[in-house]
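What the sequence shown shows, in our numbering, is residues 21 to 188, in sequence order. No residue lacks a Cβ here, since even glycine has one placed at the ideal position from N, Cα and C. What follows is a short report on a single structure.
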Amino acid sequence: AHVLFDRFVQASTCKGTLKAFQELCDYLELKPKDYRTFYHKLKSKLSYWKAKALWAKLDKRGCHKDYKKGKVCANTKCLIIGAGPCGLRTAIDLSFLGAKVVVIEKRDAFSRNNVLHLWPFTIHDLRGLGAKKFYGKFCAGAIDHISIRQLQLILLKVSLILGIEIHV
C-alpha cells in the first residue's frame, strides 16, 4: 500500500493521478462513492508515515469550527462543473461541510502552464490542505507562485482523498 500511496502522491498528470488513486483504492478494498466514510476508512487502512502527515493536515482543516463537523451540508448534493483551481477548491470546502460532491471536467489532461502569483493567505490555505506533501517545491523560500497545472494536481489529489467524485 505504501508504494501505491507514493505513486498516487507523485503522479504528475490528471490521468495518472486518477489511475494511481483507483489502484490504491482497489488494493485497500475501498469504494470512494461512500463519501461520508471514505476518508476515515482510507485513514484507518493506510498508516504509512507519509500518509499520516497528510491526515494530520486534513484533520486539522476538517475540524475548523466553520465546518461544524461536516453537518452544515450533510444532506446536500453538489455538482461542480470544471476541475480548475476554483472548482476543485470549492469542491473541497463543500466536502468538509458534509456535502456529496461530484466534479465534472471536459478535459482529461491538465495542460494550463500559466503561472499564478499566490497571496500569503492562499499559500497558508494550500499548506493547510497538505500542498507541500504533494509538491515538495510548493512555495519553497521566497517563491510564491505555482503553475495552474500543478495547483490543479494538488487540489485533485486532496479532492480524491476526501471522497469527492471526479469525472473527466
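Legend entry - For residue 136, the residue or residues it bridges with in DSSP: 166
Legend entry - Inter-stretch contact at 8 Å, needing at least 3 Cβ pairs: the stretch 98–113 / the stretch 170–179: They touch, by the three-pair rule.
Inset, instruction - Might you give, ordered along the chain, the residues of its own chain that have their beta carbon closer than 8 Å to the beta carbon of residue 35, omitting 5 neighbours on each side? - result: Cβ within range, chain order: 128, 129, 188.
Inset, instruction - Could you say which of 141, 168, 112 lies nearest to residue 134 if we only look at CA atoms? - result: Taking only the C-alpha atoms, the option nearest residue 134 is 168.
Legend entry - residue 80 beta carbon less than 8 Å from that of residue 149: no
Legend entry - Buried versus exposed, by CB contacts within 10 Å (16 or more), residue 64: exposed
Inset, instruction - Using only alpha-carbon positions, find the residue among 144, 164, 56, 32 that is nearest to residue 116. - result: Shortest Cα-Cα distance from residue 116 to any of 144, 164, 56, 32 involves 56.
Legend entry - Beta carbon of residue 25 nearer than 8 Å to that of residue 44: yes
Legend entry - Supposed close pair residue 101, residue 182 - CB separation, criterion 8 Å: With 8 Å as the limit, residue 101 and residue 182 do not qualify as a contact, their Cβ atoms being about 19 Å apart.
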